[in-house]
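The sequence shown begins at 2 in my numbering and counts up by one.
Each residue gets a CB set at the ideal place from its N, CA and C atoms; glycine is no exception.
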Amino acid sequence: MCDVSEAIWISGAGLITPLGGDRQSTWEAICAGRCGIGPLTAMEQDQLPGKEGGQVPPLHGDDKRENRVIRYLRQAIEDALHEAGAAAELPYDPARCGIILGTTLHGMPAAARFFRSDDPADLQSFLAGAVLEGAAGDTGLTGFSATTCSACSSGLGSVALAMTLLRNGELDMVVAGGYDPISEYAYAGFNSLRLVAESPLRPFCEGREGMKVSEGYGIVVLERAGDAQRRSVQPLAEVRAFGESADVHHLTQPNPEGEGASRAIVAALEAADLTVADIGLISAHATGTPDNDSSEAAALRDAFGGRLRDVPLVAFKSHLGHTLGGAGAVELILSAMAMRDGKVPPTANVTPEAIAYDDLAIHTGTTAKDASIAATLNLSLGFGGANTAVILTPPRRDEESPNVITVDRTVGVNTRSVGVTGVGVVMGGAVGNDAFIERLGCETALDLNTVSSVDRDALAGLIHARRARRMSGYVQLSLAATAVALEHAGVDDVAAFGAEAGAILGTVHGSTLYSTEYYQQIVAEGVGAANPLLFAEGVPNAGAAHLSMTFGVKGACQTIIGSRTAGLDAIRLATARIATGAWDRAIISTAEEDTPLIERVYRHCNVGAERDRAPAAAPFGQGGGVSGSGAVTLILESAEAAAKRGAQLHARIDATASAWATAGNAPRMVEKLDGVWQRLGDDEALVTTASGDDQARIEQTALKRAAHRKPRRVGGIYGHAPEMFSVMGMAAIAAIVLRQRLPRLCGEVDGNGLTAAEGIADEKGASVLALDRSGAVAGVRLGWST
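Structure below.
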């Protein structure tokens with residue numbers, strides 16, 4: 002839930018759907034009652050008989066040698082920026098212009114090629130960070146960049162995160178939205194769960210059979226109203242508020258009573274300072290599956306009461322199919338069009354006598370009807386019970402916006418102190434905080450090959466063995482680390498704590514082993530052979546879903562994916578929400594499982610080490626890093642919330658910063674890395690997350706530049722732990738917090754003014770930096786709490 006403050010406008014929108022290559026053509030087709038379901042000729046395998054889906058039209062001048070998702074996503078981003086008047090030149094400092102995208106399965110077309118060619122080079126555009134860089138790397142945006150996954154609510158989830166960074170003054174413009182390409186991976190998975198229908202998608206109808214798998218790309222440019230007004234923008238709509246929740250119920254099935262979704266709706270209405278009487282159109286998630294529609298109807302009934310039968314409801318998926326991670330943003334744009342034009346679109350394939358719920362006001366005509374729409378409610382519901390509701394209104398001018406806050410645009414609005422009250426560490430040979438502390442104090446070199454994997458038996462006392470047996474290694478690691486962190490934070494009543502908490506997870510690879518086994522089977526045996534367990538557990542937000550269910554987390558649960566900076570990005574987003582009062586506490590967890598495929602691919606890219614050569618366990622050594630499994634969880638709370646429950650703040654989050662440079666441009670990455678460090682406070686003490694590859698050389702060059710300003714002491718986490726990607730920044734923070742001192746740097750640091758730290762505490766605090774091959778840079782500054 003986010004308090005009302007300065008209005009946020011949609012200043013531009015880009016939309017590509019099965020009904021058109023731009024938003025106007027899609028909107029006109031929907032108003033005319035057309036349906037975009039047809040043959041899936043772009044899918045890697047033939048569709049199953051009768052089970053068609055939604056496929057976007059060809060692009061003009063399309064270069065099909067490039068990843069499909071990158072081509073279409075780039076076009077949608079360019080269209081949105083063009084409409085916002087920001088395509089040729091950004092209207093603000095590029096460092097204050099960011100991008101947050103939502104997706105369910107990111108660059109799956111690349112994986113399809115790999116599992117047929119067995120060439121690791123085909124995976125270069127697979128990870129979410131690579132997709133983002135490929136699609137938006139030429140836009141000039143150099144601020145915060147991230148990809149979030151909350152399954153089918155990802156598109157609206159990205160909008161909610163973007164609003165957080167705009168409303169606290171950290172950014173001036175954010176490109177947000179969602180996407181997912183058509184892929185055999187998604188198609189086979191949803192079909193294995195018996196959710197794909199042969200008959201037309203008939204939401205909220207008797208005898209409905211299920212969904213139609215589709216693809217879509219929806220992008221919005223978001224700005225504060227006052228800024229947009231000053232440059233004479235003609236906005237599409239105002240994003241008035243959002244609400245988020247988690248069901249705490251099941252990985253793939255919604256709460257039958259719709260309790261979680263109802264909480265998200267009510268939170269959005271409260272944040273918007275509106276009532277159900279103000280809503281003129283509901284854009285329902287409406288997948289057409291029996292359980293989902295029933296749960297959603299219950300949620301709407303609970304939130305709207307007797308008013309529900311008077312509010313027009315539209316199910317855009319009846320026209321487009323389910324565009325997965327793109328759905329929330331795609332349907333948000335269409336809702337804005339409905340409000341702007343005063344039209345209630347028809348819902349396709351539905352007749353009045355077939356509607357199963359007599360209190361749903363579904364327009365069943367063949368064309369749109371006129372209506373006065375003062376506000377719209379969009380609802381997106383994802384796997385694991387991730388619920389997001391967003392309210393749109395016509396654009397208010399600055400003088401109409403209540404509670405407008407004046408911000409220092411250089412630092413943002415952080416009115417409450419945020420600190421770390423709990424730490425949980427799980428990694429090979431060091432399960433638990435005490436084991437990690439002991440390792441950090443060891444002066445002898447560590448053979449990383451011996452600690453690259455985690456003994457699952459060692460997790461037995463931390464997770465419920467029977468419940469965990471079907472979970473992926475990634476999920477088990479995250480749950481174990483969170484159990485340790487909650488104990489360290491002194492949380493006795495976990496359910497009560499979780500009921501008032503949000504969660505943001507981070508991972509580069511997610512459940513790689515399950516996903517690999519799943520994909521190999523459908524390539525070998527066809528889409529009809531998909532394993533539903535492996536599919537459900539392999540979705541990137543599976544860890545967030547299980548964490549929510551295990552620890553009773555009822556707030557927003559999102560996962561930042563596909564970037565080595567994901568853990569520090571999650572800290573930045575959670576800190577912004579806690580500091581501005583939107584949250585009181587958050588669980589931040591990162592986890593990575595090591596698999597033969599990960600090791601092989603990174604070795605192919607000259608990033609991973611040849612293990613039989615026993616490379617030096619030094620951050621600035623040569624030969625690449627030895628990868629391994631591990632997880633770190635942090636409990637963040639406001640100082641007030643911690644004091645209320647008598648918890649200790651072990652360290653403060655004093656500053657966060659991010660930047661984004663074009664991938665492969667080493668000088669620019671050096672500049673961005675140094676800039677992030679300066680924005681954090683230019684501390685004398687820093688912990689590097691480098692692990693001996695070419696990115697380590699970029700970091701070392703940036704450190705040398707910084708050393709010219711004043712001497713620096715550098716600690717390191719690699720060598721005390723293997724390369725664990727998104728976990729590395731979190732592990733560095735854990736090392737500082739648990740011992741109130743820098744972890745010893747393994748190996749040498751080459752440069753005048755740079756000193757390898759030997760565990761000396763810094764009275765002013767210390768910074769942690771991480772960078773990703775996509776060009777993303779992130780940092781967090783810690784201060785000691787007394």
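**Report entry** Cross-strand partners of E224 (DSSP beta bridge)
**Finding:** E224 pairs with W10, M174.
Query raised in the report: If you compare alpha carbons, which of F552, P236, A504, K673 is closest to E488?
Result: The residue with the shortest Cα to Cα distance from E488 is F552.
Query - Coil, strand or helix - K344 by DSSP - result: Looking at K344 - three-state DSSP - the assignment turns out to be strand.
Query - Alpha-carbon spacing of S154 relative to S184, whole angstroms - result: Whole-angstrom Cα-Cα distance: 18 angstroms.
Query raised in the report: Per the contact definition of three or more C-beta pairs closer than 8 angstroms, is the segment 350-365 in contact with the segment 298-313?
Result: Contact between the segment 298-313 and the segment 350-365 is present, with at least three C-beta pairs closer than 8 angstroms.
Query raised in the report: Can you tell me whether DSSP reads I183 as helix, strand or coil?
Result: Coil.
**Report entry** Within 7 angstroms, strictly: CB atoms of G425 and A482
**Finding:** For G425 and A482, yes; Cβs fall inside 7 angstroms.
Query raised in the report: Quick one: any contact between the segment 424-443 and the segment 620-627, if contact means 3 or more CB pairs under 8 angstroms?
Result: Cβ pair count under 8 angstroms is below three, so no.
Report task. Kindly list the residues whose CB is nearer than 7 angstroms to the CB of V88, restricted to its own chain and excluding five residues on each side of it in sequence; keep chain order. Result -> A quick correction: the sequence has Ala, not Val, at residue 88. Result list for A88: E79, L82, in chain order.
Query - Sheet register partners of P313 (DSSP bridge) - result: Paired residues: A362.
Report task. Quick one: give me the first and last residue of the beta strand (DSSP E) that I699 is part of. Result -> Residue range 695-708 is occupied by the alpha helix (DSSP H) that includes I699, with no beta strand (DSSP E) assigned at that position.
Requested in this report: Determine, using beta carbons only, whether V688 and V769 come nearer to each other than 7 angstroms.
Outcome: Contact flag set, yes.
Query raised in the report: How long is the line joining the alpha carbons of N542 and G327, rounded to whole angstroms?
Result: Cα-Cα distance, rounded: 15 angstroms.
Report task. In the DSSP assignment, find the alpha helix (DSSP H) that holds W28 and state where it starts and stops. Result -> Start and end: 24-32.
Query raised in the report: For W785, which three-state DSSP category applies?
Result: Strand, per DSSP.
**Report entry** Secondary structure of L381, DSSP reduced to three states
**Finding:** It should be noted that the sequence gives Ser, not Leu, for residue 381. In this structure, S381 counts as strand in the three-state DSSP scheme.
Query raised in the report: Candidates E29, L755, G682: which alpha carbon is nearest G717's?
Result: Ranking the options by Cα distance to G717, first place goes to L755.
Query - Neighbourhood of E210 by C-beta distance below 6 angstroms, restricted to the same chain and skipping five residues each side - result: Excluding positions up to five away in sequence, the list reads A198, S200.
Report task. Mind reading off the beta-carbon distance from G1 to L20? Whole number of angstroms is fine, and I expect it under 8 angstroms. Result -> Any answer about residue 1 is impossible in this case: the structure gives the chain only from 2 up to 787.
Query raised in the report: Taking one C-beta from the segment 655-668 and one from the segment 705-721 each time, how about it: are there three or more such pairs within less than 8 angstroms?
Result: Because the criterion of three Cβ pairs below 8 angstroms is not met, the segment 655-668 and the segment 705-721 do not touch.
Query raised in the report: What is the rounded straight-line gap between the Cα of A337 and the Cα of G322?
Result: Answer to the nearest angstrom: the Cα atoms are 19 angstroms apart.
Query raised in the report: Nearest-angstrom Cα distance between V175 and G15?
Result: Their Cα atoms are separated by approximately 14 angstroms.
Query raised in the report: R714 bridges to which residues according to DSSP?
Result: Looking at the DSSP output, R714 bridges to A686, T756.
Query raised in the report: Of the choices V540, E171, S151, L548, whose alpha-carbon is the least far from that of S479?
Result: Closest by alpha carbon: L548.
Query raised in the report: Near G511, what residues of its chain come up, given a Cβ to Cβ distance below 6 angstroms and the 5 sequence neighbours on each side ignored?
Result: Only Y475, P541 meet the Cβ criterion.
Report task. Specify the secondary structure class of W584 as computed by DSSP and reduced to three states. Result -> It is coil, neither helix nor strand.
Query raised in the report: Who are D448's beta bridge partners in DSSP?
Result: In the DSSP assignment, D448 forms no beta bridge with any residue.
Query raised in the report: Taking R397 as the reference, which of A229, T702, L128 has the closest Cα?
Result: Nearest of A229, T702, L128 to R397, Cα basis: A229.
Query raised in the report: So is the beta-carbon of T422 under 6 angstroms away from any non-hydrogen atom of the ligand PLP?
Result: Of ligands this structure carries none, so the ligand PLP is not represented either.
Query - For G776 and E134, the rounded distance between their alpha carbons - result: For E134 and G776, the distance between alpha carbons rounds to 8 angstroms.
Query raised in the report: Can you name the start and end residues of the alpha helix (DSSP H) that S296 belongs to?
Result: Counted as a single uninterrupted DSSP element, the alpha helix (DSSP H) harbouring S296 occupies residues 291-305.
Query - 6 angstroms Cβ shell around T27 - same chain, five flanking residues per side excluded - result: For T27, where only same-chain residues beyond five positions count, the Cβ hits under 6 angstroms are L16, T18, L20, G21.
Query raised in the report: Start and end of the alpha helix (DSSP H) containing E672?
Result: Taken as a continuous stretch (DSSP letters only), the alpha helix (DSSP H) holding E672 covers 667-681.
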